[in-house]
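Note sheet for the following structure.
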Amino acid sequence: MTTTIIVYNCSDNEAPEPHSIQCWVEAAIADRKDEAELSIRIVGTDEAAELNTQYRGKQGPTNVLSFPADLPEVVALPLLGDIVLCAPLVLKEAREQGKSAQAHWAHLVIHGTLHLLGYDHIDKADAAQMEALETSILGSLNYPAPYTTDSSPHTNSSHGNENQDL
């Protein structure tokens, strides 16, 4: 598998090492694509809020946004798209949910990558499939299951579905 990931850290907060991000993306892509290109932009709350308003019409920052590439079928590029992660929110959520920051970063990178691959959580069946896949991928990387009955993001009003975020 050939995976090209460009990471732009535009946040003042601590973010994972690019090597870790590479491992998480490759785990999400494994057996699904032979070749992939994507960019990941790590931002602060102001930029995350601006993007959330612009692309989803929702106020305030969100933890992850995914923007799948919309290429014509005749263009044979391995471009998947772009992921935007809000570093302060990722770290805050990890603390609030009693998770390690590394585990939460891994989960959100995998979640965003799965959106780029076409997975979504618009309805309950799709959400269950996506959550099971995320849990399996994270388990293969020795991270704990990301969801509990009260922390599923797909029932939490602070997270939306419209533009592929968690």
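Just so you know, we're using this note's numbering here: the sequence shown kicks off at -19 and counts up by one.
We put the beta carbon where it would ideally sit given N, CA and C, even for glycine.
On a predicted model such as this, the values are computed, not experimentally measured, just so you know.
Pairwise C-alpha distance: residue j and residue i
i	j	result
D145	A86	Annotation note: pLDDT 44 at D145 (below 50); position unreliable, coordinate value reported separately. In a straight line, the C-alpha of D145 is about 15 Å away from that of A86.
I(-14)	K104	32 Å
A108	G119	16 Å
G37	D26	15 Å
D147	P(-4)	Lying before the first or after the last residue shown, residue 147 is absent from the chain, which here runs from -19 to 146.
S80	Y(-12)	22 Å
C3	Q39	32 Å
V23	H(-1)	18 Å
D157	G98	It is not possible to answer for residue 157, since the shown part of the chain is limited to -19 through 146.
N143	L31	Note on N143: pLDDT 38, under 50, position unreliable in the model; no value is reported.
D(-8)	R75	18 Å
P41	D100	20 Å
E(-6)	P68	9 Å
P126	L51	32 Å
D106	L121	23 Å
Y35	A28	10 Å
S131	Q77	Since pLDDT at S131 reaches only 48, below the 50 mark, its modelled position is unreliable, and the value read off the structure follows with that caveat. Cα to Cα, the separation comes out at about 8 Å.
G140	M110	Bear in mind that the predicted position of G140 carries a pLDDT of just 35, short of 50, making it unreliable; the figure below should be weighed with that in mind. Rounded to the nearest angstrom, the two C-alpha atoms are 15 Å apart.
Anticipated Cβ contact below 8 Å, residue i with residue j, distance rounded
i	j	result
N43	E73	6 Å
I63	T93	7 Å
L96	S19	10 Å between Cβ atoms; not a contact.
L88	V70	6 Å
A83	P48	That pair is no contact at about 25 Å.
Terminal residues of the beta strand (DSSP E) in which residue i lies
i	result
I102	It is not in any beta strand (DSSP E) - I102 carries neither H nor E in the DSSP assignment.
V64	L59 to C66
T128	T128 -> no beta strand (DSSP E), and no H or E assigned at all.
P48	V44 to P48
Y(-12)	T(-18) to N(-11)
Buried versus exposed, by CB contacts within 10 Å (16 or more), residue i
i	result
T(-17)	buried
S137	Bear in mind that a pLDDT of 30 at S137, under 50, signals an unreliable position, so the model cannot answer this.
R153	The structure shown does not extend to residue 153, since the chain spans only -19 to 146, so no value can be given for it.
A112	exposed
C66	buried
I1	buried
G61	buried
I90	buried
S116	exposed
Residue i - containing alpha helix (DSSP H), residue span
i	result
A16	That residue, A16, is in no alpha helix (DSSP H); its beta strand (DSSP E) goes E15 to V23.
G92	A81 to L96
S0	P(-2) to I9
Proximity test, Cβ basis, 8 Å: residue i and chain B
i	result
C66	The structure shown contains no chain B; it is built from a single protein chain.
Hey, is the stretch 3 to 11 in contact with the stretch 48 to 55, meaning 3+ C-beta pairs nearer than 8 Å?
-> no
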